[in-house]
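Residue numbers (the UniProt record's numbering): 1 to 462.
Input: a single structure, listed below in structure tokens.
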């Protein structure tokens, strides 16, 4: 094909290219500059392909043939929400390092994880993260690629995510779980199967929105978020803005109301110290109150995922405390097997695929991109909580290289504490209250990943 193109471009007789003569006959009127331009384009394309195949710094990295020339093959799996399965299969076939695009590799290596994500790293995130720079709002913690800006944004909101701050509104978290348990109990009494994927999704948005109370997607917020993540994860821009609008407008209204309340508090009314309270108290780099846009962008960054566990240890806890309904986080964290289950579940089934199965795509100023896959020993593909209890030294090693919350460096997920509080409390309450049986043990649920991993059709009997 390429040789035919060069033959035609260099000839004044279109019929000299044989089978292509019919097509070329209509182009013989092209002037020499046009032909030279086409020759240059063709030559440049060939040179680019040869460079990516033989001269590129990643030329020796194994991987699919198409990955050497284009990332479009991978984008197909992104669009289908299947990339999390594909990348695991690639590592099983090619080993620890896999080339997944012309300038990108996926790596399974503890030293690489520490070098890229540890403290003191000089690696800069790629421009994919600029997707999170939501139009109409200020630049936020997650979207910024500048290390100095990130450090400032992190310090500004870290108080809202501290364990002390989170425990101040633990009662609100408990209230949401109590409402969820009542809804599930009603369905258990009626003998209905329950889609736990839907209910854990609903509880993530809080009882005050009505998601748990009504069992529905109030204002289409969940669908809007899913659509927004789909477009942001796949296109690297923000074309999902129109579908994200209802959620964003609701967020704006909430932020605006709380900022007005903070500026003119109602006498005798106590202040609710949730995360939004801390965001409203933020200051900018000059010590001035944060703008509405700055508060909004941080309030929109909170997400989490929930998992399941064996109830034996939990049953013993409640048996020793007859009549107790909830479980404080301070006591839940003292249950070693529950802690091990949470660590193992989030390692094996992370809610954010690109942080754990792929991690965040990183790059130096001009160098190749990388991605990090999970760790866990020789049986890393098995769900085995005991690995976190057998050897304290080995457990600390697993903790040091786990990517569940984006590593242990400056880019570690700032919402780690609230995620741990909610997971420990929910799992303990769920398995103390119900006996959970999967409806289909051969296919308990299915997952699609659009940056976040979304569970579907997790049907259980309670």
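For every residue, glycine included, the Cβ atom is placed at its ideal position computed from N, Cα and C.
Report buried or exposed for residue 465, applying the criterion of at least 16 other Cβ atoms within 10 angstroms of its Cβ. Given a span of 1 to 462 for the chain in the structure shown, any question on residue 465 remains unanswerable.
First and last residue of the uninterrupted alpha helix (DSSP H) at residue 67: The residue given as residue 67 occupies position 67 in the chain shown. DSSP places residue 67 outside any alpha helix (DSSP H), giving it a letter other than H or E.
What is the rounded straight-line gap between the Cα of residue 190 and the Cα of residue 184? Taking the chain shown and counting its residues from 1, the one referred to as residue 190 is at position 190. Taking the chain shown and counting its residues from 1, the one referred to as residue 184 is at position 184. The alpha-carbon separation between residue 190 and residue 184 amounts to approximately 10 angstroms.
Which of the three DSSP states, helix, strand or coil, is assigned to residue 455? Working through the chain shown from its first residue, we reach residue 455 at position 455. Note: residue 455 maps to strand in three-state DSSP.
In whole angstroms, what separates the C-alpha of residue 452 from that of residue 460? The residue given as residue 452 occupies position 452 in the chain shown. The residue given as residue 460 occupies position 460 in the chain shown. Between the alpha carbons of residue 452 and residue 460 lies a gap of roughly 23 angstroms.
Identify whether residue 446 lies in helix, strand or coil by the three-state DSSP scheme. For the purposes of this step, residue 446 is taken as residue 446 along the chain shown, with counting starting at 1. Annotated three-state conformation of residue 446 is strand, per DSSP.
Residue 86 lies in the alpha helix (DSSP H); which residues open and close that run? In the chain shown, the residue the question calls residue 86 occupies position 86. It spans 83 to 94 - the alpha helix (DSSP H) in which residue 86 sits, taken as one unbroken run.
For residue 315: DSSP bridge partner residues: Translated into the one-based positions of the chain shown, residue 315 becomes position 315. According to DSSP, which records beta bridges pairwise, residue 315 is partnered with nothing at all.
Quick one: residues in its chain with C-beta nearer than 7 angstroms to the C-beta of residue 318, no 5 flanking neighbours on either side, listed in chain order? What you label residue 318 is simply residue 318 of the chain shown in a count that begins at 1. Same-chain partners within the cutoff: 324 and 432.
By Cβ distance, which residues of its chain are closer than 6 angstroms to residue 62, with the 5 residues on each side in sequence left out? On the chain shown, position 62 is the one that residue 62 refers to. Cβ neighbours of residue 62 within its own chain (closer than 6 angstroms, five residues either side excluded): 94.
For residue 182, which three-state DSSP category applies? For the purposes of this step, residue 182 is taken as residue 182 along the chain shown, with counting starting at 1. Correct three-state label for residue 182: helix.
Rounded distance between the beta-carbons of residue 97 and residue 87, thought under 8 angstroms: Translated into the one-based positions of the chain shown, residue 87 becomes position 87. Translated into the one-based positions of the chain shown, residue 97 becomes position 97. Cβ-Cβ separation between residue 87 and residue 97: approximately 12 angstroms, too far for a contact (criterion under 8 angstroms).
Buried or exposed for residue 72, please, with buried defined as at least 16 other CB atoms from any protein chain shown within 10 angstroms of its CB. As a position in the chain shown, residue 72 is number 72, starting the count at 1. It is exposed - the Cβ of residue 72 has fewer than 16 other Cβ atoms within 10 Å.
Is the distance from the Cβ of residue 167 to the Cβ of residue 337 below 8 angstroms? Within the chain shown, residue 167 is the residue found at index 167, counting from 1. Within the chain shown, residue 337 is the residue found at index 337, counting from 1. In this structure, residue 337 does not lie closer than 8 angstroms to residue 167 by Cβ.
Under the DSSP definition of a beta bridge, which residues are partnered with residue 189? Your numbering for residue 189 matches position 189 in the chain shown. Paired residue(s): none; residue 189 is not in a bridge.
Collapsed DSSP secondary structure at residue 379 in the structure displayed: In the chain shown, the residue the question calls residue 379 occupies position 379. In this structure, residue 379 counts as coil in the three-state DSSP scheme.
Apart from the five residues on each side of it in sequence, which residues of its chain come closer than 8 angstroms, Cβ to Cβ, to residue 91? Start at 1 with the first residue of the chain shown, and residue 91 comes out as number 91. 98, 106, 108 and 373, listed in sequence order.
Measuring CA to CA, which of 150, 55, 142 and 40 is closest to residue 103? Translated into the one-based positions of the chain shown, residue 103 becomes position 103. Checked all of 150, 55, 142 and 40; the closest Cα to residue 103 is 55.
Do you know offhand how far residue 160's Cα is from residue 68's? Position 160 of the chain shown, counted from the first residue, corresponds to residue 160. Position 68 of the chain shown, counted from the first residue, corresponds to residue 68. Going by C-alpha positions, residue 160 is about 44 angstroms away from residue 68.
What's the C-alpha gap between residue 434 and residue 327? Position 434 of the chain shown, counted from the first residue, corresponds to residue 434. Position 327 of the chain shown, counted from the first residue, corresponds to residue 327. For residue 434 and residue 327, the gap between their C-alpha atoms comes out near 15 angstroms.
If residue 385 sits next to residue 340, beta carbons under 8 angstroms apart, how far is it from one beta carbon to the other, in whole angstroms? Counting from one through the chain shown, the residue named residue 385 turns up at place 385. Counting from one through the chain shown, the residue named residue 340 turns up at place 340. About 4 angstroms separates the Cβ atoms of residue 385 and residue 340, confirming a contact at the 8 angstroms cut-off.
Is it true that the CB of residue 424 sits closer than 8 angstroms to the CB of residue 345? Translated into positions along the chain shown, residue 345 becomes position 345. Translated into positions along the chain shown, residue 424 becomes position 424. For residue 345 and residue 424, no; Cβs fall outside 8 angstroms.
Taking the alpha carbon of residue 437 as the reference point, which residue from 230, 462, 121 and 81 has its own alpha carbon closest? Locating residue 437 in the chain shown gives position 437, counting from the first residue. Of 230, 462, 121 and 81, the residue nearest in Cα terms is 462.
Residue 384 (DSSP reduced to helix, strand or coil): Residue numbering aside, residue 384 sits at position 384 when the chain shown is read from its first letter. Correct three-state label for residue 384: coil.
For residue 402, which of 422, 418 and 380 has the nearest alpha-carbon? By 1-based counting over the chain shown, the position of residue 402 is 402. Nearest neighbour of residue 402 by Cα position, chosen from 422, 418 and 380, turns out to be 380.
Through-space distance from residue 123 to residue 201, alpha-carbon basis: Within the chain shown, residue 201 is the residue found at index 201, counting from 1. Within the chain shown, residue 123 is the residue found at index 123, counting from 1. Taking the straight line joining both Cα atoms gives about 34 angstroms.
8 angstroms CB neighbourhood of residue 411 in its chain, flanking five on each side removed: Position 411 of the chain shown holds residue 411. 117, 125, 150 and 360, listed in sequence order.
Exposed or buried, what is residue 475 when buried is set at 16 or more other beta-carbons lying within 10 Å of its beta-carbon? Since the first and last residues shown for the chain are 1 and 462, residue 475 lies out of range.
Alpha carbon to alpha carbon, how far is residue 85 from residue 41? Give it in angstroms, no decimals. Your numbering for residue 41 matches position 41 in the chain shown. Your numbering for residue 85 matches position 85 in the chain shown. If you take the alpha carbons of residue 41 and residue 85, they lie about 37 angstroms apart.
Any idea if residue 44 is buried or exposed, counting beta-carbon neighbours within 10 angstroms, 16 or more meaning buried? Taking the first residue of the chain shown as 1, we reach residue 44 at position 44. Taking all protein chains in view, the Cβ of residue 44 is surrounded by fewer than 16 other Cβ atoms within 10 Å, so the residue is classified as exposed.
Under DSSP, the alpha helix (DSSP H) around residue 156 begins and ends at which residues? Taking the chain shown and counting its residues from 1, one reaches residue 156 at position 156. Counting along the chain, the alpha helix (DSSP H) containing residue 156 begins and ends at 147 to 161.
Are residue 419 and residue 119 closer than 8 angstroms when you measure CB to CB? Residue 419 sits at position 419 when you count from the first residue of the chain shown. Residue 119 sits at position 119 when you count from the first residue of the chain shown. Not in contact: residue 419 and residue 119 (Cβ atoms no closer than 8 angstroms).
Am I right that residue 180 and residue 218 are in contact with their C-beta atoms under 8 angstroms? What's the rounded C-beta distance? Against the chain shown, residue 180 aligns to sequence position 180. Against the chain shown, residue 218 aligns to sequence position 218. Incorrect: roughly 15 angstroms between the Cβ atoms, too far for contact.
Same chain only: Cβ atoms within 8 angstroms of residue 203, ignoring 5 sequence neighbours per side: Your numbering for residue 203 matches position 203 in the chain shown. Excluding sequence neighbours, residue 203 sits near 176, 177, 180, 211, 212, 306 and 426.
I'd like to know whether the C-beta atoms of residue 197 and residue 455 end up nearer to each other than 8 angstroms. Here residue 197 refers to the residue found at position 197 when the chain shown is read from its first residue. Here residue 455 refers to the residue found at position 455 when the chain shown is read from its first residue. Remark: C-beta atoms of residue 197 and residue 455 approach each other more closely than 8 angstroms.
Using the Cα positions of residue 392 and residue 399, report the straight-line distance between them to the nearest angstrom. For the purposes of this step, residue 392 is taken as residue 392 along the chain shown, with counting starting at 1. For the purposes of this step, residue 399 is taken as residue 399 along the chain shown, with counting starting at 1. Answer to the nearest angstrom: the Cα atoms are 10 angstroms apart.
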